[in-house]
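For reference, the structure discussed in these notes is given below.
Set out below in structure tokens:
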């Protein structure tokens, strides 16, 4: 009888563990619809975002090859937003929190513009800290968002 107890306890534990691993690992909300999932179950980089200046997309094309360029002295509200493709053009949908870094052209150094998380900012405030050749780098604060055009080149003319 003692040998039977020694056999049953580990066998029972093994069957419980096997049943646990055999279950579907996809969260139940994912099987029904993405919209019902909490942020914790959203896949990384699953929502597209873009850089907008005064509600117009800044990139020359919405792709991983797109480039963002502004002229020194440009004014307007800079923001990162998810995109709505239901129009003929790319429209902002929901603003996304972002941080700002400046890439110094002379030293190839990134420095943090502010500790603050922005949802929009006056572009001229950022440009006031830039030197010729610098680039503005925008970083999303949530891994849910894909921001392929995260670098804004500052054109100083000529």
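Residue numbers (my numbering): 3 to 160.
Think of the CB as a built atom: it goes at the ideal place given N, C-alpha and C, for glycine as much as any other residue.
Computed from a predicted model, the values in this text were never measured in an experiment.
Item                                                                                                                                                                      : Value
Going by other Cβ atoms of all chains shown within 10 Å of its Cβ, with 16 needed for buried, is residue 83 buried or exposed?                                            : buried
Say whether the segment 70 to 78 touches the segment 102 to 113, bearing in mind that this needs 3 or more beta-carbon pairs closer than 8 Å, one atom from each stretch. : no
What is the DSSP secondary structure of residue 149, reduced to helix, strand or coil?                                                                                    : coil
Considering only the beta carbon of each residue, do residue 53 and residue 70 sit closer than 8 Å?                                                                       : yes
Bridge partners for residue 138 per DSSP, in chain order?                                                                                                                 : 104, 154
Over what stretch of residues does the beta strand (DSSP E) that includes residue 93 continue unbroken?                                                                   : 93 to 97
Would residue 98 and residue 51 qualify as a contact pair, given that the criterion is a beta-carbon distance under 8 Å?                                                  : yes
Quick check on DSSP: helix, strand or coil for residue 114?                                                                                                               : strand
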